[in-house]
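See structure below.
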Amino acid sequence: MLAERVLKIVPKEVWSKRYDQIMDFERMLAENKVLLLKFYLHISKEEQAERFRERLANPHKYWKFSNADLTTRQRWDKYIDAYEDMLNATSHESARWHVVPSDRNWYRDYVITRAVVRAMEGLKMKWPKPAEDLSKVRVV
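First residue of the sequence shown: 5, per the numbering used here; consecutive thereafter.
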C-alpha cells in the first residue's frame, strides 16, 4: 500500500481500506494463538546514500542496485509519511510494530534478536511430558 499511495497507483479509497484488512487479518491470527512480531527496519537517508555509493563502487554488489532506487529515493519524504501512517494505523495490541534503527547491522540484529527472545520467553514453553514412564526403558 506504500508504493500505491506514493505513486498514486490506486486511489486513496482503495489503499486506505488495506489498513483495516491488515488489522482484521492480524487479529484473526492472534485469536488463533499465532504470535506476530512485526519489524520496521529504518535506515536514515544518509545511510541509504552511503549504501548506494558502496554498491556502485563494488562490481560484486551491482546486483543490489537499480536506477529505480534513485527514482524512489527522490520521494523519500512521501515514503516516510506513508510509512508513519501505516505503522500508526496497523499497530495494535496483538501485533505491535517494532521500529528498529538499522543504520548499523549489528544493532539491528541485536534489537530484533532481543525482541524475538523476549517473545519466546513470554510463551513459557516447556518440554512435553511423555505419555508413559520411560525411565526403565533400555534400547539394546
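Ideal placement from N, C-alpha and C gives every residue a C-beta, glycine not left out.
Only a predicted model underlies this, so the values are computations on that prediction, with no experimental measurement involved.
What's the call for T94, buried or exposed, on a 16-neighbour Cβ count within 10 Å? buried
In the structure shown, what three-state DSSP assignment does P105 receive? strand
What is the rounded straight-line gap between the Cα of H46 and the Cα of Y111? Cα to Cα, H46 sits roughly 12 Å from Y111.
Which class does F43 belong to by DSSP, given the choice of helix, strand or coil? In the structure shown, F43 falls within a strand segment according to DSSP collapsed to helix, strand and coil.
Residue interval of the alpha helix (DSSP H) (run including Q78): No alpha helix (DSSP H) holds Q78; DSSP gives it neither H nor E.
Measuring only the C-alpha atoms, how far is L11 from L91? 19 Å
Just grab the DSSP bridge partners of H96 for me. A99
If you measure between the beta carbons of F43 and H102, is that distance less than 9 Å? yes
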